[in-house]
Structure formats: C-alpha cells, structure tokens
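Chains A and B, in that order, are what the protein sequence lines are.
Just so we're aligned: 81 in this note's numbering is position 81 of the first sequence, and the numbers increase by one with no gaps anywhere.
Convert by adding 149 to the 1-based position in the second sequence; the result is the number in this note's numbering.
Heads up, the beta-carbon is just placed ideally off N, CA and C, and yes, glycines get one too.
Fair warning: this is a prediction, and the values are worked out from it, not measured in the lab.
Below: the structure, in structure tokens.
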Amino acid sequence: MADLRELYQEVIAEHNKNPRNFRWMQDANRMAVGVNPLCGDKLTVYMKVDGNDTVTDVSFEGSGCAISVSSASIMTQMLKGKKIDEAEQLFKGFHEAVTKEDQQPDLEALGKIAVLAGVKAYPSRVKCATLSWHTMHAALEGEEWVSTE
Amino acid sequence: MNTQAGQATRPVNSAGVVKNTGATGYDVYRVREDFPILAELSHGKPLIYLDNAATSQKPRQVLEAMDHAYRHAYANVHRGVHDLSERATRAYEDARSRVQRFIGANDAREIVFVRGTTEAINLVAATYGRANIREGDEILITEMEHHSNIVPWQLLREQTGAKLKVAPINDAGELLMEEFEKLLSERTRIVALVHVSNALGTINPVRRMIELAHDAGAKVLIDGAQAVPHMRVDVQDLGCDFYAFSSHKLYGPSGVGVLYGRYDLLDAMPPYQGGGEMIRRVTFERSDFAKPPTRFEAGTPNIVAPVGLAAAIDYVENLGLENIAAHEDDLLRYATDIAADTEGMRLIGTAAQKASILSFELKGVHPHDIGTIVDHEGVALRAGHHCAMPVMDHFRVPATTRASFGLYNTREEVDALFASLAKVREVLG
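Pasting the structure below:
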C-alpha cells in the first residue's frame with residue numbers, strides 16, 4: 001500500500017485524530033462556511049485579522065474526512081501570524097499544486113501543507129483537501145458561504 | 150489493468166470440489182463468467198464490485214445483443230421504409246413487449262421508454278401532475294425517497310401551489326404505516342413511493358400502501374429503480390398507476406429506463422416534450438399528438454439500449470429472479486452477521502424487510518476515507534449521501550458507506566470487504 005501511504009501519511013492521520021485550532025472563535029472578525037455538497041462536509045473557518053492585515057488567530061469547526069480535517073488543521077497552523085496576501089499566496093500555491101496537471105509542485109514553497117500534495121493523484125478527493133482553503137479565501141473576501149460545486 | 154482475476158476467485162476445497170455458496174444450487178461462479186468486467190484488476194487487485202445499487206455490470210449476453218443490433222439492425226425507428234429501419238423498429242418494439250411481460254403490464258402501449266427512473270418521474274410530475282394538480286392539493290411522499298422522487302414534486306408544488314407531505318420513518322429505516330395512513334386525505338392526489346430504498350435497503354409494503362392510497366382517491370407512482378433487480382415485480386398485482394425503473398441497475402445498458410403507466414391515464418396525459426415522432430399531424434396552427442406510448446417519446450430515442458434491456462431481462466429471468474433474490478439475501482445475512490461482530494460499525498437501515506444493501510457508519514472514520522482506502526484493495530463501494538439527504542438527516546450523519554450486492558457477488562467478496570475495512574483502521578490509526 002505504498003502509494004496509498006503517499007496520501008494517508010501518518011501526519012495526516014495524526015491531524016485527523018487531533019485537529020489543531022479546532023474551536024469556535026467568539027471574537028472572530030472574518031468567518032465563512034464551506035460546504036462540499038457531494039459528501040455533505042461542512043467546515044466553518046474563523047479568523048482574526050488586525051489593522052495591519054495580519055492574521056492573528058485562525059480556527060475551524062465542522063465535520064469532514066481525514067483529508068479535509070487534516071488540511072484545515074495544517075492550514076490554521078500555517079496562517080497564524082501571516083499577512084493576508086501571504087495567506088492568499090499560500091492558498092494559490094496549494095490550489096495549483098493539487099489541480100495543475102502539467103506542473104510539478106514546489107514542495108518547499110508549499111511548506112507544511114506539502115504532505116497533502118499527493119491528493120493530486122485522487123481527483124475525487126481534491127475538493128476535500130481544498131475545502132478549508134476555499135473557505136478561508138471566502139472569509140478574507142468577505143463572503144460568508146462557499147460551495148465546492 | 151489486465152485480466153485474470155475473475156476466475157481465480159472460485160474457491161476450491163482440499164478435495165478439489167467447488168464450494169457452493171447458496172442454498173438454491175445457484176452457481177454464482179458460473180454466473181460470474183458471464184461478466185467480462187469481473188476479471189479486471191483494480192489497483193493490481195481482483196476487482197470486488199459492491200456498488201450495484203449505483204449501477205450494475207453487464208453480462209456478455211447484453212453486450213452481444215447490443216453489438217448485434219448495431220452491426221445488423223441499426224437505423225432510425227418508426228420512419229424508414231427500408232429493410233434496416235424495419236429491423237430496428239421490430240427490435241425496439243419487441244423490447245417494449247419484453248418489458249411488458251417482465252412487469253406484468255396489460256398492454257405494451259403502457260410501456261414508455263425514457264432515459265431512466267428520474268426522467269420517468271419527471272414525466273409524470275410534468276404531465277399528469279400539471280394537468281391534474283391544483284392549489285391546495287396534496288402530494289404524499291416518504292422520508293426515504295431518493296432526490297429523484299422529491300425534487301420533481303417540489304417543482305410541481307412551485308408550479309401549482311400544491312402541498313408536499315412526507316411520511317416519516319423509524320430508526321430502523323421502516324416507514325411508519327400509521328403515520329402514512331394519517332397523512333392520506335381527500336386532498337391527496339398523488340402518492341409517490343420508493344419500492345426499495347437505495348440508501349437503507351428497506352423494502353416497503355407498497356401493495357398495502359397502494360390500496361390505502363387508492364381508498365383515499367389518490368394515484369400512485371412507484372419508484373422501482375432498486376426493486377426490479379432484486380425481486381419479481383407485477384404492476385397489475387401491485388395495482389399501481391405508474392411504475393418507474395432504470396435499465397442500468399438491472400444489468401442492462403445505461404441511457405434507457407421505463408415508465409409504466411395505466412393506459413387510460415397515459416391516454417389522458419398531455420405530452421412531455423414536443424418534437425418529431427410524438428405527433429400525428431403538424432401545421433403552424435396546431436399539432437395533433439400521437440397515442441401513447443409514442444406521445445411521450447419525442448425525437449429519435451435511444452434505439453439500441455432497449456434491445457440491451459430486453460437481453461438483460463432474458464438474462465435475469467433465465468437465472469430466475471427467485472434464485473437471484475435468495476442468493477442476494479444470503480449475502481446480506483452473511484454480511485449483516487459479520488457487521489454485528491465488527492467493532493465500531495453501526496448499520497444505517499435495519500428494516501425487517503430488506504434488500505441487499507449494507508449502509509453503515511464506522512465510528513471515527515469518514516465514509517470518503519473508507520471509500521478511498523478500500524478502493525486500493527480493489528473494493529468498489531459508495532461513500533456519500535446516496536442522493537437521499539433527508540435520510541442522512543434522519544440518522545444525523547453527513548454520509549454513509551454503502552456496499553450493495555448483486556447477483557454475481559460472493560461470500561468471499563464479503564469477506565474481502567471486511568478485510569479491507571480492517572485496513573482502514575490500520576491506515577488511519
């Protein structure tokens with residue numbers, strides 16, 4: 001099952017069991033709900049952005065598969081302390097890494113989320129991996145609702 | 150993928166005697182040889198296809214019948230004066246008669262070829278519904294309907310101002326008959342019921358429900374998509390007004406399905422789509438519509454698929470629907486027993502009367518992860534809401550994992566399913 005382990009790495013299983021920043025955020029000033037109507041998954045992403053456009057806190061809630069939960073968990077770790085445009089840059093980089101057919105992802109630039117780059121080989125699961133990221137993007141854009149459909 | 154696995158699954162005991170899995174003498178290993186795709190490998194492992202409620206695989210008898218039709222009897226139907234068109238028309242109309250005998254309809258004109266169950270239901274809602282449903286009228290469905298037997302009635306509700314009532318289920322996934330009875334009233338015009346639930350496996354007591362609905366003066370449509378592959382269906386014995394099913398779940402090709410409708414009802418219904426074939430005479434002032442079933446088959450139909458459907462009907466009748474049902478019941482019982490001993494497994498749908506669908510939840514594991522991991526063991530099953538979101542809501546789950554057994558599945562494949570579920574635990578810790 002070597003190839004399956006490329007998707008379900010131990011770090012993913014671990015984040016799934018113990019998701020980081022998995023909580024409601026009372027004083028969030030950005031928030032969005034992301035749904036994947038295909039599987040019924042639903043995630044809420046909360047963010048606190050200060051006057052310097054810095055993400056000072058980020059958390060999420062909801063239910064989903066190991067891929068979507070671990071991706072959200074890792075995302076929250078990555079975004080804390082980042083500027084808004086850095087966050088958008090990370091989203092863009094990850095999205096391209098798992099959707100662009102003809103391109104080898106720059107694993108170093110991806111940072112921690114590189115553990116999910118293997119999802120590219122599973123087209124039906126790409127939306128699971130990107131759900132929280134789309135939701136975060138929507139929250140920054142001021143939208144409150146995003147669907148992967 | 151290459152081919153070799155299908156024949157390798159025939160288990161042989163130490164004496165070299167082939168094991169028989171069923172009680173009926175039904176030889177599932179012989180049957181498997183009719184399905185070329187079962188010899189495929191998936192991720193390097195023998196394919197174990199347990200997604201039959203989504204669609205079924207095709208025996209070579211069906212593939213050959215369609216190949217023969219394309220090679221020897223293909224032209225447009227009902228219009229050519231030439232020999233080929235006559236052959237194609239004969240094959241198409243013979244298929245209609247084959248369907249009529251299969252479901253016990255009184256007359257071949259009561260068989261309308263459509264794209265599938267979904268189109269059949271939409272057709273009834275859009276024609277019978279719009280002609281007969283008024284504001285304040287009631288349409289009664291159940292909580293276990295597939296979206297295809299919910300949304301067309303919601304559309305009709307929007308167009309007419311009718312009310313949509315929903316008969317609830319219990320936590321075993323069985324319909325609450327007393328609630329169903331209570332919801333029937335003199336305002337009920339249409340009752341639309343699933344015969345066998347795709348998400349739960351529940352077999353509804355439709356004969357009794359049809360009686361009750363008729364007593365209330367309503368017409369009844371049965372969604373038989375999951376029923377027809379598992380049991381003998383006789384529309385006159387059931388007494389239903391409309392019955393809908395798809396070919397592709399019955400080991401026939403996709404792209405064709407059947408709407409059965411009582412002739413007097415069909416004859417009074419307006420057309421569904423306008424176009425060629427469905428008219429008698431057209432001028433720019435008006436058109437006269439053809440009689441059923443032609444009135445409802447506008448345009449060039451799927452010419453060859455009904456031929457494949459007829460071959461599929463021959464196939465299941467040669468095996469014997471009773472034998473198929475007994476074999477599948479054996480698989481369901483076998484799987485249900487193992488499930489009871491599997492830690493963290495909760496079955497969704499435990500009706501006393503159930504067809505071969507095992508919908509379940511594995512504690513702490515999302516169905517999509519199960520689907521992906523068992524896929525790597527060659528096991529094809531379904532993860533999701535099965536187009537029955539209200540059922541998911543009832544059981545408070547976002548999705549379930551579903552294994553659904555067909556006439557070619559074996560006990561060894563059920564064992565492989567549970568072995569692959571053990572792998573899920575391994576991978577996700």
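Across the set B/Q249, B/R239, B/S205, the C-alpha of B/S205 shows the shortest separation from the C-alpha of B/L399. Within its own chain, the residues whose Cβ lies closer than 7 Å to the Cβ of B/E287, once the five positions on either side in sequence are excluded, are A311, K312, K314, S334, R336, T337, R338, listed in chain order. The alpha helix (DSSP H) runs of length 4 or more contained entirely in the stretch 65 to 126 of chain A are, from start to end of the chain, 66 to 79, 84 to 99, 107 to 110. Going by beta carbons, B/T238 and B/V226 fall inside the 7 Å limit. For the beta strand (DSSP E) assignment, the uninterrupted runs of no fewer than 3 residues enclosed by the stretch 538 to 573 of chain B are, from N- to C-terminal side, 549 to 553. Here B/N558 is buried. Its C-beta has 16 or more other C-beta atoms within 10 Å. Scanning A/F22, A/V33, A/G40, A/A66 for the CA closest to the CA of A/Q9 turns up A/A66. The straight-line gap separating the alpha-carbon atoms of B/H397 and B/S403 is approximately 5 Å. Assigned with DSSP and collapsed to three states, B/L370 falls in strand. The beta carbon of B/V540 sits closer than 6 Å to the beta carbons of M293, A348 from its chain, once the five residues preceding and following it are set aside; these are given in chain order. The three-state reading of DSSP puts A/E6 in helix, counting H, G and I together.
A Cβ-Cβ separation of about 4 Å places B/V405 in contact with B/A454 under the 8 Å criterion.
Residue contact with chain A for B/D232: absent (no Cβ-Cβ distance below 7 Å to any residue of chain A).
Under the three-state reduction of DSSP output, A/S132 falls in the helix class. Under the Cβ criterion (8 Å, minimum of three pairs), the stretch 368 to 388 of chain B counts as touching the stretch 494 to 506 of chain B. Within chain A, the residues whose beta carbon sits less than 8 Å from that of B/H534 are C39, G40, listed in sequence order. By the 16-neighbour rule on beta-carbons within 10 angstroms, B/D320 is exposed. Membership of B/K331 in the alpha helix (DSSP H) is indicated by the continuous run 326 to 332.
The beta carbon of A/L116 does not come within 7 Å of any beta carbon belonging to chain B, so the residue lies off that interface.
Here A/T130 is near A/H95, since their CB atoms are less than 7 Å apart. For B/H543, not one C-beta of chain A is nearer than 7 Å to its own C-beta. With a cutoff of 7 Å on beta-carbon distance, B/V300 and B/V340 are scored as not near each other. Out of B/V180, B/T309, B/F329, the CA that lies nearest to the CA of B/P317 is found in B/F329. Residues A316, P317, I318, N319 of the same chain have their beta carbon placed closer than 8 Å to that of B/L325, with the five preceding and five following residues left out of the count. Interface annotation for the stretch 58 to 92 of chain A against chain B: S63, G64, C65, A66, I67, S68, V69, criterion Cβ-Cβ distance under 9 Å. Its chain contains K48, V49, D50, K80, G81 as the residues whose beta carbon lies nearer than 8 Å to that of A/T56, once the 5 sequence neighbours on both sides are disregarded; these appear in chain order. Taken in chain order, the complete beta strand (DSSP E) segments of 3 residues or longer contained in the stretch 243 to 294 of chain B are 260 to 263, 287 to 291. Around the Cβ of B/T432, a 10 Å sphere holds fewer than 16 other Cβ atoms; the residue is exposed. Going by beta carbons, A/F91 and A/W145 fall outside the 7 Å limit.
Two segments are said to touch when three or more pairs of C-beta atoms, one from each, lie closer than 8 Å; by this definition the stretch 68 to 79 of chain A does not touch the stretch 559 to 570 of chain B. Judged by beta-carbon spacing, A/S59 lies within the 7 Å limit of A/Y46, meaning their Cβ atoms are closer than that value. Around the beta carbon of B/P547, a 10 Å sphere encloses 16 or more other beta carbons of the protein chains shown; the residue is thus reported as buried.
Between B/A532 and B/P516, the gap from beta carbon to beta carbon is short of 7 Å.
With contacts defined by Cβ atoms closer than 7 Å, B/I359 and B/L332 do not form a contacting pair. In this structure, the beta-carbon distance from A/V98 to A/N16 does not fall below 7 Å. Annotated three-state conformation of B/E307 is helix, per DSSP.
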